[in-house]
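Top to bottom, those sequences are chains A and B. With this note's numbering, the residue at position 99 of the first sequence is 99, and numbering never jumps. With this note's numbering, the residue at position 55 of the second sequence is 240, and numbering never jumps. This report concerns only the one structure given below.
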Amino acid sequence: MARTTPEIPNASMADIAFLLLTFFLVTTTMPNNSGLSIALPPPPEAKPPEDVKIQERNMFKIQVNSSDALLIEGEPREDISNLREEIKAFVLNNGRNPESSDNPEKAVVSFKTDRGTSHKRFIELLDVIQGAYYDIYAEQAGVTNAKFREAASDLAVPANKEIYDKGRAGIPLNISIADPSKVGN
Amino acid sequence: MSKFKKKTQVKQEIPTSSMPDVVFMLLFFFMVTTELRETSIEVKQGIPRATQLRKLMRKSLVANLYIGEPTKPALYGKEPKIQADDVFIEPKDIVRWVNEKKSELPENEREQLTVSLKVDRDAKRGLISDVEIELRKANARKLLYSTLQQKDDEEGR
Chain A
1 MARTTPEIPN
11 ASMADIAFLL
21 LTFFLVTTTM
31 PNNSGLSIAL
41 PPPPEAKPPE
51 DVKIQERNMF
61 KIQVNSSDAL
71 LIEGEPREDI
81 SNLREEIKAF
91 VLNNGRNPES
101 SDNPEKAVVS
111 FKTDRGTSHK
121 RFIELLDVIQ
131 GAYYDIYAEQ
141 AGVTNAKFRE
151 AASDLAVPAN
161 KEIYDKGRAG
171 IPLNISIADP
181 SKVGN
Chain B
186 MSKFKKKTQV
196 KQEIPTSSMP
206 DVVFMLLFFF
216 MVTTELRETS
226 IEVKQGIPRA
236 TQLRKLMRKS
246 LVANLYIGEP
256 TKPALYGKEP
266 KIQADDVFIE
276 PKDIVRWVNE
286 KKSELPENER
296 EQLTVSLKVD
306 RDAKRGLISD
316 VEIELRKANA
326 RKLLYSTLQQ
336 KDDEEGR
């Protein structure tokens, strides 16, 4: 009783799989849901008229003009490699240097651009400013910068929330992004 | 010389029987990790790089706005434009667009909507700040400037 078992030819399976693979390769994009996260201030109307006086010493001013040139605390600057450390020193000054901030809660990093400033330059500087703050938070929470940002991304996990709260305690993220001036564009 | 001659006579073949498995593995990888493109993007998207990235965990709570020069200048001109879903919009339309996006979400999650701005590196701050002001009016204040990961020595800190 030789029963012939029917067999499906599978030599072409690889070809079919390749075809499918090529289809998916071409039609799909890698999801990119990462970037620099900020919270916008409340709507312009709802805000009471600006009457808050911030002392000069508590402001770290960064200005960029329409040709992407930089003015830090009133001084033109080309090289921004030290900026991150400067911002950290400014925020954590705690009144030691009379020229710098009173305490982290009062310290504000003011970032003002022009309407003609390119997005690339804006991101570059926002990255430095946020980097300085994340460094401070990470240090206070006793984790690395990358770990802190990872925790901050997913606060639904209790362990992450704990790291986040520990890092943020007493140091608000005071980055003020001013409306761009009308010159340029 | 004879030593080498012997070797050349040995027939070498790469076994191909496992090729379908390898290909299937690749296929599954791509199927799982990628998403189908829902809209065709009609603006330039040279996304800038940064180091201090944060991830958005829930994709359903993200709404994308694409900003950049149109890829077809003959049709749409050279000025940077805002694309939402399939159409170009003006900054004044953003409030309506945000409300549409919010109404698609369940009521308890509407305030958690994050707007991801995918902005071309050459776009100007003027247009982006107009968008930001409209987003503030629409009360969608969670914002993400989409960037790619930059590799540098400071990353591990």
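Using N, Cα and C, we set each Cβ at its ideal position, and we do this for glycine too.
- Among the residues facing chain B, A/I123 is included, as its CB has a counterpart in that chain under 8 Å away.
- Burial state of A/D114 is buried, judged by a 10 Å Cβ sphere holding 16 or more other Cβ atoms.
- Collapsing the DSSP output to three states places A/V109 in a strand.
- Taking the Cα of B/E294 as reference, the smallest distance to any Cα among B/E319, B/A325, B/L329 and B/D305 is reached at B/A325.
- When the alpha-carbon of B/S203 is set against those of A/L19, A/M13, A/L21 and A/T22, the nearest one is in A/M13.
- Leaving aside the five residues that flank B/L238 on each side, the residues in its chain whose CB is nearer than 8 Å to its CB run, in chain order, T332 and Q334.
- Here A/S118 carries a strand assignment [DSSP, helix/strand/coil].
- Look at the beta carbons and you see the segment 114 to 131 of chain A touching the segment 54 to 64 of chain A: at least three pairs across the two are nearer than 8 Å.
- Counting along the chain, the unbroken beta strand (DSSP E) around A/E75 starts and ends at E75 to R77.
- Cβ-Cβ distances below 6 Å link B/T224 to D270 and D271 in the same chain, with the five nearest sequence neighbours on each side left out; the list follows chain order.
- Per the Cβ contact rule, the segment 205 to 217 of chain B is not in contact with the segment 232 to 246 of chain B (fewer than 3 Cβ pairs under 8 Å).
- By the neighbour-count criterion, in which a residue is buried when 16 or more other Cβ atoms sit within 10 angstroms of its Cβ, B/G311 is buried.
- The distance from the Cβ of B/V283 to that of B/Y251 is about 15 Å, inconsistent with a contact at the 8 Å cut-off.
- Against chain A, a Cβ distance below 7 Å from B/V247 picks out N33.
- For B/K309, the closest alpha carbon among the candidates B/P205, B/K286, B/E264 and B/E296 is that of B/E264.
- The closest CA to that of B/R234, considering only A/I136, A/R121 and A/K166, is found on A/R121.
- Residue contact check for A/F90 against chain B: no CB pair falls below 8 Å.
- With 16 or more other Cβ atoms inside 10 Å of its own Cβ, A/T117 counts as buried.
- Rounded to whole angstroms, the gap between the alpha carbons of A/L20 and B/P205 is 12 Å.
- Listed along chain B are K309, R310 and G311, each with a C-beta nearer than 8 Å to that of A/G116.
- Taking the Cα of A/S34 as reference, the smallest distance to any Cα among B/A259, B/S301 and B/L290 is reached at B/S301.
- If you draw a straight line from the Cα of B/K277 to the Cα of B/P291, it comes to about 25 Å.
- Under DSSP, no beta-bridge partner is assigned to A/N160.
- Against chain A, the CB of B/E317 has a partner CB under 8 Å away; the residue lies at that interface.
- In this structure, A/R57 places its C-beta atom within 8 Å of the C-beta atom of A/S100.
- For A/G95, the nearest beta carbon of chain B is not closer than 8 Å to its own beta carbon.
- If you ignore the 5 residues before and after B/Y330, its C-beta comes within less than 7 Å of the C-beta of L302 and V304, all in its own chain and listed in chain order.
- For A/L20, at least one C-beta of chain B is nearer than 8 Å to its own C-beta.
- Taking a cut-off of 8 Å for Cβ pairs, the segment 138 to 156 of chain A and the segment 102 to 109 of chain A do not touch, as fewer than three such pairs fall below it.
- Shown here for A/I87: same chain residues with a beta carbon closer than 7 Å to its own, the five before and five after excluded, namely F60, V109, I129 and A132 in chain order.
- Collapsing the DSSP output to three states places B/L246 in a helix.
- When 8 Å is used as the limit between beta carbons, B/L238 is near these residues of chain A: S34, G35, L36 and R149, in chain order.
- Taking C-alpha positions only, A/P98 is separated from A/G170 by approximately 21 Å.
- The beta carbon of B/N249 sits closer than 7 Å to those of S301 and K303, all from its chain and outside the five residues before and after it, given in chain order.
- Residues of chain A whose Cβ lies closer than 8 Å to the Cβ of B/S301 are, in chain order, N33 and G35.
- Chain-order list of chain A residues neighbouring B/V208: A14, A17, F18 and L21, by C-beta distance under 8 Å.
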